[in-house]
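A.B. asks: There's a structure below that I have some questions on.
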Amino acid sequence: MMGVAGVLGAALLCAIHGATIENTSFEDGDGVNTFRAFNPTQAEETIIQCALGVVGLALNLRAYDFVSQEICAAEDPEFETFYTKNFLLNEGIRAWMETQDQHHENLIFPEEALPRGNAL
């Protein structure tokens, strides 16, 4: 949830910053219509850097979310992180598919060892 709020906050910040750049990167002219009335005074890279800043902020918030989950997992062994959920899911799928993948091994698993529904 923190990542979603961070991305939305970054989008709002980018919109505000973009409006500021729009006001500073164009100067008013004497043209009759809008397209001739504005002349660019700064390079286009400024707006591209704003967009890259939002992407970088989103990646930083995602990394922060991952690290904070790992810290919580270190303090509480019952806490499930993305890593443990993916690990359990992969192990469950591997155990479930092992009899079909390695049929030459004649593997037989008891029903209670196989994943059931949304148990993971």
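Just so we're aligned: the sequence shown equals residues -18 to -1, 1 to 102 in mature numbering (1 follows the signal peptide of the UniProt record, and there is no 0).
Idealized CB from N, CA, C, for every residue including glycine.
Values in this document were obtained by computation on a predicted structure and should not be read as measured data.
Taking only three categories from DSSP, how would you classify I90?
C.D. replies: Coil, per DSSP.
A.B. asks: Would DSSP call Q84 helix, strand or coil?
C.D. replies: Coil at Q84, not helix or strand.
A.B. asks: Under the three-state reduction of DSSP, which class applies to G57: helix, strand or coil?
C.D. replies: Looking at the sequence shown, residue 57 is not Gly but Glu. It is helical.
A.B. asks: Just checking my contact of F48 with C54 at CB under 8 Å: how many whole Å lie between their CB atoms?
C.D. replies: That belief does not hold up - the Cβ atoms of F48 and C54 are roughly 11 Å apart, past 8 Å.
A.B. asks: Could you check what DSSP says for D62 in three-state terms: helix, strand or coil?
C.D. replies: Reading off the sequence, residue 62 comes out as Glu, not Asp. Three-state result, E62: coil.
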